[in-house]
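Letter by letter, the sequence shown follows residues -16 to 275 in the working numbering.
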Amino acid sequence: MRRNAVILQKQNNENKVPHTADLELISRLARQAGEIGLRFFGRNPKTWTKAGDSPVSEADLAIDAFLKEKLLAARPDYGWISEETADERPAAEYKRYFIVDPIDGTRGFINHNPQWCVSIAVAEAGRPLAGALYCPALGEHYTAAAGGTARLNGAVIEPAPAAAGETMAEAATMPALRATSAPIVCRKVDWQKLPLSFTQGAERAAPIPSLAYRLALLARGRLSAVFVRPGCHDWDIAASDVILQNCGGALVDLAGRPVRYCEQSFRHGFLLGAKQAKLKELLDIVSGLDLG
């Protein structure tokens, strides 16, 4: 009787956090894949240029092969969508599927910039259920399952505090984007199209090669918004999307709709990432602008 009670209690605990088993799997393998990447990082790996003039390195291919073998061995009934092998197990044929970027930020990786990461998501019905992002050169490991918390190196990511020198009451009386000192990720060409009244009171962030990492920094409150130019792919954003969502943020299109994954095309138009309190203000600002 006692043994059965222990088993039942364990099952109840696991059910409190949705998709725990998938999250544990992708979290563990993201870390192992990152260690593979570190063997190549800073050592001038072989590189090639793919269609669309984007680079790929031997590290990308090694990680992709490792993850495909391990993930599909563990979940043979899941689909597989990856930057390097996008169409081999199409999501339309599977209820649940992996969305993988073996190295997000390959250009930075090749140029010895530590802001790159391994990105793995599990998705179903067009939305991510779990995401793991491992940035081995920075020692940062992000994990989240939809409906739960987001974590950095095992610790829950807490909401960002008010900007230095501001009380929460003062911040509450300010426009949403003025209530933080965190910078905004936006291309210079798009920044110049924004109203002067907005750009004078905001800071543009320095370039960050990995889009997935930008969104993770947004989730932590290190950035106040991320403008995503048209042309990003599912694998660039799926894992970070669920991390951001669990931190009170969202990644949306210009109509304010959440991103849908693996539906007709892996590519997306202009997207906007921000905490929920800032989204309406940002969408109002960019409405009608030619950003793309």
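From the three backbone atoms N, C-alpha and C, an ideal C-beta is built for every residue, glycine too.
The alpha helix (DSSP H) with residue i in it runs from where to where?
i	result
Ile64	Here Ile64 belongs to no alpha helix (DSSP H); instead the beta strand (DSSP E) covers 62 to 65.
Lys244	One point to set straight first is that residue 244 is Tyr, not Lys, in the sequence displayed. Counting along the chain, Tyr244 falls outside any alpha helix (DSSP H), and DSSP gives it neither H nor E.
Phe23	3 to 23
Thr68	Thr68 -> no alpha helix (DSSP H), and no H or E assigned at all.
Trp174	171 to 174
Gly91	89 to 93
Leu227	217 to 229
Give the single residue among the options whose Cα lies nearest to the Cα of residue i.
i	options	result
Leu200	Cys100, Glu76, Tyr77, Pro38	Cys100
Gln247	Ala233, Ile46, Glu76, His124	Glu76
Ala108	Gln175, Arg58, Lys171, Phe81	Phe81
Asp273	Val242, Ile140, Gly204, Arg170	Arg170
Cys215	Asn94, Arg203, Gly88, Gly130	Gly88
Ser65	Phe249, Ile268, Ser270	Phe249
Assuming residue i contacts residue j (C-beta within less than 8 Å), just tell me the rounded distance between them.
i	j	result
Asp236	Phe210	Rounded, the Cβ-Cβ distance is 12 Å, inconsistent with contact.
Ile167	Ala195	Between Ala195 and Ile167 the Cβ distance is about 17 Å, and since that is not below 8 Å, they are no contact.
Ala115	Thr132	Going by Cβ atoms, the distance from Ala115 to Thr132 rounds to 14 Å, so no, they are not a contact pair.
Pro111	Ala104	4 Å
So, for residue i: in the same chain, excluding its five sequence neighbours on each side, which residues have a beta-carbon less than 6 Å away from its beta-carbon?
i	result
Gly231	Lys258, Gln259
What residue does the beta strand (DSSP E) around residue i start on, and which one ends it?
i	result
Ala127	123 to 128
Leu279	In the structure displayed, the chain extends from -16 to 275; residue 279 sits before or after that span and is not available.
Tyr196	First-last for Tyr196: 194 to 203, but that is the alpha helix (DSSP H), not the beta strand (DSSP E).
Arg110	110 to 118
Phe210	208 to 211
Lys258	254 to 258
Using a Cβ-Cβ cut-off of 8 Å (strictly less than) and excluding sequence neighbours within five positions of residue i, which residues of its own chain qualify?
i	result
Leu266	Val235, Leu237, Gly239, Leu255
Ala86	Here residue 86 is Ile; the residue named in the question, Ala, does not match the sequence. Once the five neighbours on either side are set aside, the close Cβ partners of Ile86 are Gly20, Ser40, Ala42, Asp43, Ile46, Phe92, Trp99, Cys100, Val101.
If I measure Cβ to Cβ from residue i and keep anything under 7 Å in the same chain, skipping five residues before and after, which residues do I get?
i	result
Glu153	Residue confidence for Glu153 is low, a pLDDT of 39 falling below 50, so the modelled location carries little weight; the figure read from the coordinates is stated next. Excluding sequence neighbours, Glu153 sits near nothing in its chain.
Gly91	Gln98, Trp99, Pro192, Ser193
Exercise for review: Could you tell me whether the region 44 to 51 touches the region 14 to 24, where touching means 3 or more Cβ pairs closer than 8 Å?
Suggested key: yes
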